[in-house]
Amino acid sequence: MPIHNADIAARFEEIADLLEIQGENPFRIRAYRNGARTLSDLTLDMAELLERDKGIPHLPGIGKDLAAKIKEIVDTGTCAKLEELRKAVPAGVPALLKVPGLGPKRVKLLMAALDIRSPAQLQRAAREGLVREIPGFGELTERHIREALEAQLGQVKRLTLAHASQYAEALVDYLRQLPEVKQAVAAGSYRRAKETVGDLDLLVTTSDPQGVMSAFVAYDEVQKVLSQGETRATVILASGLQVDLRVVPEESFGAALQYFTGSKAHNIAIRRLGQRRGLKINEYGVFKRTRRVAGDSEQSVYAAVGLPYVEPELREDRGEIEAAREGHLPHLITLEDLKGDLHSHSKATDGRNTLMEMAETAREQGLTYLAVTEHSRRLAVTKGFDPARLARQGEEIDRLNTELKDITLLKGIEVDILEDGRLDLPDSTLSSLDLVVGAVHSHLALSRKKQTERLLRAMDHPYFSILAHPTGRLIGEREPCEIDMERVIRAARERGCFLELNAHPERLDLNDIYCKMAKSECVLVSIASDAHSVIDFANLRFAVGQARRGWLEAADVLNTRNLAQLRLLLRATR
DNA sequence: GCCGTTTTCGGCCCGACTGTTTTCAGTCG
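Have a look at this one:
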């Protein structure tokens, strides 16, 4: 079993949980969690580095001790420290930390007083009314534990960004129409355009906090109010989504928005910068002793610690603070930078609309070209194209292009990459097209070596232009294929072809980390809708969000070029 | 356990809400 960075990160999280239950130094615990986060954000594969005898490079939050543990975990699958901790704490106990309202202190109390060793035992004890008898617990706490354990069975997964946007936009609209509300925005991971959102964080400024709070908990989708104070409330919607609302005075809007946008790691780093300058930063502003020196706007908060404004999508403590300090922040791509779309389908295969309808909608969205890329014959369920049908569509595209104004249809194909890396259509067919988008739709479970070589062979093909949804993942449904993305990206650079960032809300593939990696290797990314109907062009904004999280600028994206420039770049791949 | 533009030792972000207590600990974000 190969050990991936995610596996090492999981071991570190487990160590942190176990140390927490033992009541260890909280900063030591945080060190393990920071190490875990660094590893899961990393593109370098630790196991591979060690295999090639490269040693572990200097990484933020990974010191001598954690580096040694990484090596030990890669070599043995575990580490002595973890095994020692596992022996000291019963196996079901870490799961108790996941129960809302239970932290390490209460878990310890439960173990000591009632010998609770698993969520099941806790559920029984809570039903029998034993929990309330423990000093520090009470009837209400017991009820909350019982309800939380029962609810956990049907626990909601994280929503895709697109799904969350439906709830967020409706709620923000609701709050904005309240007369006492000055500003209302969604902050948190939603504002950072993270691909999935666990809960919504809303921020409101008002002169009447009480009124806003009452209106918020009265929103008709609210099923349960978890907490409600003067400036903060937490509710659960009927859909199961948790929503936190924070209310601050108008002059604190910037500081509060900065704080509630996160990420947590980014905020900690910013506050530490503040500390060094003798400043205290909280959601109400930036303070020098008791004097408020900034906080009206986010810009003012960053300026107070000597930094330029940092875009929300960059705020993950992945190097943005250093880049800001050195004046190297990227000028991030925007939706308006996209000049065209290089992946779409029509009724001819598994799409819903005609070519004309697709073209006109794309044009309405400000696009000036649209590549038609139907599936190839191998994907029979989609009525994929054989050479003859593809040729006939080519004639139709020629005819439409004489009728269409301000937009050009390009002839393409989403050709299946077969198990051995060959393409599903002959060269004579592919050579007649403007671009060839290659995609894997079968044999997703090949070994890392085979899957990687399959992609490399496909990309080596003389007419190959763009690798579509490179990892094949479906968020929350299907894990990415095992691929050595570092090799794929390097191969794309050498070959001169491109990688796609697919805008389908469940794909968003490439992800942010791989986008950044492609950028560092100077491989252009195609931000593509993969539209199967006219409404799918709207998904482009989520892909742009992902691209921004991956530090991409307009120049890093293939389809920010105008048609003439694009044709040159596509021709150069051949 | 990590880290250093005051530091290689002694710090490590900061505040709101709840429940149980009678002034605050625990948890959460």
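Here the first sequence stands for residues 1 to 574, numbered as in the working numbering. Ideal Cβ placement from N, Cα and C applies to all residues, glycine included.
Local Cβ density within 10 Å of residue i, reported as buried at 16 or more and exposed below that
{"i": "A112", "result": "exposed"}
{"i": "H331", "result": "exposed"}
{"i": "F27", "result": "exposed"}
{"i": "K105", "result": "exposed"}
{"i": "Q22", "result": "exposed"}
{"i": "Q451", "result": "buried"}
{"i": "L140", "result": "exposed"}
{"i": "C481", "result": "buried"}
{"i": "E393", "result": "In the sequence as presented, Glu is not what sits at residue 393; that position holds Gln. It is buried - the Cβ of Q393 has at least 16 other Cβ atoms within 10 Å."}
{"i": "I489", "result": "buried"}
{"i": "V381", "result": "exposed"}
{"i": "E128", "result": "exposed"}
{"i": "E403", "result": "exposed"}
{"i": "H328", "result": "exposed"}
{"i": "D512", "result": "buried"}
{"i": "R176", "result": "exposed"}
{"i": "T43", "result": "exposed"}
{"i": "T290", "result": "exposed"}
{"i": "P426", "result": "exposed"}
{"i": "K157", "result": "exposed"}
When the options are compared against residue i, the one with the closest alpha-carbon
{"i": "L456", "options": "F260, I281, L510, E419", "result": "E419"}
{"i": "S428", "options": "A439, D416, L390", "result": "L390"}
{"i": "V301", "options": "E326, G319, Q275", "result": "Q275"}
{"i": "D434", "options": "T573, L540, T452", "result": "T573"}
{"i": "A256", "options": "L409, L367, T205", "result": "T205"}
{"i": "S465", "options": "R571, E403, G306, E395", "result": "R571"}
{"i": "S526", "options": "S432, S297, L66, L501", "result": "L501"}
{"i": "R507", "options": "C522, M517, L499, P470", "result": "P470"}
{"i": "A186", "options": "A151, Y167, R127, E396", "result": "Y167"}
{"i": "G35", "options": "G198, L50, E14", "result": "E14"}
{"i": "Y514", "options": "I29, A47, V534, I483", "result": "I483"}
{"i": "E133", "options": "M358, L114, T76", "result": "L114"}
{"i": "F12", "options": "H375, G77, Q365", "result": "G77"}
{"i": "F537", "options": "A371, M485, K157", "result": "A371"}
{"i": "L568", "options": "G496, V225, R352", "result": "G496"}
{"i": "S207", "options": "R191, V181, G188", "result": "V181"}
{"i": "I407", "options": "V415, L355, T373", "result": "L355"}
{"i": "K81", "options": "L18, R33, I413", "result": "L18"}
{"i": "P505", "options": "S432, V544, I56", "result": "V544"}
{"i": "S431", "options": "S442, G412, L444", "result": "G412"}
{"i": "G262", "options": "Y369, K347, L200", "result": "L200"}
Residue i - DSSP class collapsed to helix/strand/coil
{"i": "V89", "result": "coil"}
{"i": "S118", "result": "coil"}
{"i": "H266", "result": "helix"}
{"i": "Y259", "result": "helix"}
{"i": "F137", "result": "coil"}
{"i": "Y167", "result": "helix"}
{"i": "N539", "result": "helix"}
{"i": "H375", "result": "strand"}
{"i": "N502", "result": "strand"}
{"i": "Q177", "result": "coil"}
{"i": "R143", "result": "helix"}
{"i": "D509", "result": "strand"}
{"i": "G218", "result": "According to the sequence shown, residue 218 is Ala rather than Gly. Coil at A218, not helix or strand."}
{"i": "A531", "result": "strand"}
{"i": "T234", "result": "strand"}
{"i": "E553", "result": "strand"}
{"i": "T160", "result": "strand"}
{"i": "N25", "result": "coil"}
{"i": "F287", "result": "strand"}
{"i": "G545", "result": "helix"}
{"i": "V172", "result": "helix"}
{"i": "D7", "result": "helix"}
{"i": "L245", "result": "strand"}
{"i": "I62", "result": "strand"}
{"i": "S227", "result": "strand"}
{"i": "D420", "result": "coil"}
Is it a yes or a no for the stretch 275-295 touching the stretch 205-215, going by three-plus beta-carbon pairs under 8 angstroms? no
May I have a chain-ordered list of the alpha helix (DSSP H) segments no shorter than 4 residues that lie completely inside the stretch 301-380? 320-325, 355-364
Is there contact between the stretch 261-278 and the stretch 321-331, where contact requires at least three CB pairs shorter than 8 angstroms? yes
Threshold first: 3 residues or longer. Then list the beta strand (DSSP E) segments lying entirely within the stretch 188-212, N to C. 199-206
Indicate whether the contact test is met: 3 or more Cβ pairs, each with one atom in the stretch 224-237 and one in the stretch 157-164, closer than 8 angstroms. no
Please confirm if the stretch 338-355 is in contact with the stretch 517-533, defined as three or more CB-CB distances below 8 angstroms between the two stretches. yes
With a threshold of 8 angstroms, are at least 3 pairs of Cβ atoms found where one atom belongs to the stretch 38-51 and the other to the stretch 65-83? yes
Would you call the stretch 30-44 and the stretch 52-61 touching, i.e. three or more CB-CB distances under 8 angstroms? yes
Check whether the stretch 89-100 touches the stretch 115-126, taking contact to mean three or more Cβ pairs, one atom from each stretch, closer than 8 angstroms. yes
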